[in-house]
Amino acid sequence: DAGVTQSPTHLIKTRGQHVTLRCSPISGHKSVSWYQQVLGQGPQFIFQYYEKEERGRGNFPDRFSARQFPNYSSELNVNALLLGDSALYLCASQSPSAGVYEQYFGPGTRLTVT
Amino acid sequence: QQPVQSPQAVILREGEDAVINCSSSKALYSVHWYRQKHGEAPVFLMILLKGGEQKGHEKISASFNEKKQQSSLYLTASQLSYSGTYFCGTANTGNQFYFGTGTSLTVIP
């Protein structure tokens, strides 16, 4: 079975632009979480989605939004990009539901904001 | 609410043992452990649930003291492949997940 996939792998954007990151969970997994990892730090929780509904939200500004589609894939959107948004964005899927289960991470999308 | 880990960094020779500690100021209902190698995504190691249930798929052991709000990860007879940054993590009742401060482990020949 394929693991968690994310696209694109790398992205360069300019301050003020908008970006959309995509994630496909492991087949059969219905929950997806998004994390931001700044160089040298641990991942910071942004969102969790389960069955297309937001189940958890981290301490990020409203510029960050996400959604989950009927096939359980997910998008993370960031508006009005700031230099500080430069980071590795990780998507994790978990089975079989929201709650306390192991998370399987995708390879991440490296976002650079100039 | 971020769990605090100790030590921050440790260097081992192959075959030596190590203990990584994770402590939280909030009540812990479960503790996850992940390892992240440089340039790669975190990889799940183990989850410990309140009540003693433990789920994992690698030959690594851990303990979970609910009263002290602490967990420890035990790495025995370390191998070069054990090198990486280890993170504990925990979820709160709002489904927010917090990774710990991280412990960098380097195993040398």
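These protein sequence lines are chains B and Z, in that order. Per the numbering used here: the first sequence = residues 531 to 644. Per the numbering used here: the second sequence = residues 9 to 117. Positions of the beta carbon are idealized from the N, C-alpha and C atoms, including for glycine.
Buried or exposed by the 16-neighbour rule on C-beta atoms within 10 Å, applied to residue i
i                          : result
aspartate 592 (chain B)    : exposed
arginine 545 (chain B)     : exposed
arginine 643 (chain B)     : Checking the displayed sequence, the identity of residue 643 (chain B) turns out to be valine instead of arginine. Buried, by the Cβ-count rule.
phenylalanine 72 (chain Z) : buried
valine 39 (chain Z)        : buried
Extent of the continuous beta strand (DSSP E) run through residue i
i                       : result
threonine 639 (chain B) : 639-643
histidine 46 (chain Z)  : Histidine 46 (chain Z) -> no beta strand (DSSP E), and no H or E assigned at all.
tyrosine 580 (chain B)  : 574-580
valine 549 (chain B)    : 549-554
leucine 20 (chain Z)    : 17-21
lysine 543 (chain B)    : 540-543
Near the ligand FMN: residue i beta-carbon under 7 Å from a heavy atom
i                      : result
histidine 40 (chain Z) : In the structure shown, the ligand FMN is absent, as is every other ligand, since no ligand is present at all.
Proximity test, Cβ basis, 8 Å: residue i and chain B
i                          : result
alanine 49 (chain Z)       : yes
glycine 92 (chain Z)       : no
glycine 110 (chain Z)      : yes
phenylalanine 52 (chain Z) : yes
Chain Z within 8 Å of residue i, Cβ atoms only
i                       : result
alanine 628 (chain B)   : Reliability fails at alanine 628 (chain B), whose pLDDT of 47 lies under 50, so the model's placement of it is uncertain and the value that follows must be treated cautiously. Output row for alanine 628 (chain B): interface = yes.
glutamine 633 (chain B) : yes
glycine 558 (chain B)   : no
leucine 620 (chain B)   : yes
serine 563 (chain B)    : yes
glutamine 485 (chain B) : Outside the shown range of chain B, which is 531 to 644, sits residue 485 (chain B), and nothing can be said about it.
glycine 572 (chain B)   : yes
Neighbour list for residue i in chain Z, Cβ cutoff strictly below 8 Å
i                     : result
leucine 569 (chain B) : None at all; the shortest Cβ gap to chain Z is about 11 Å.
Proximal chain B residues relative to residue i, where beta-carbon distance stays under 8 Å
i                       : result
isoleucine 19 (chain Z) : The contacting residues do not exist; isoleucine 19 (chain Z) stays about 18 Å from chain B at best.
Closer than 7 Å at the beta carbon, the chain Z residues around residue i
i                           : result
arginine 585 (chain B)      : Asn103
phenylalanine 575 (chain B) : Gln104, Phe105, Tyr106
glycine 636 (chain B)       : Ala49
Cutoff 7 Å; reference residue i; Cβ partners in own chain excluding five residues on either side
i                     : result
proline 538 (chain B) : Thr639
Cβ shell of residue i (< 6 Å), same chain only, five flanking positions each side left out
i                    : result
serine 623 (chain B) : Val534, Pro555, Ile556, His559, Val562, Tyr634
lysine 582 (chain B) : Gln598
serine 80 (chain Z)  : Val27, Asn29, Ser71
Proximity test, Cβ basis, 8 Å: residue i and chain A
i                     : result
glycine 546 (chain B) : Of the protein chains in the structure, B and Z, none is chain A.
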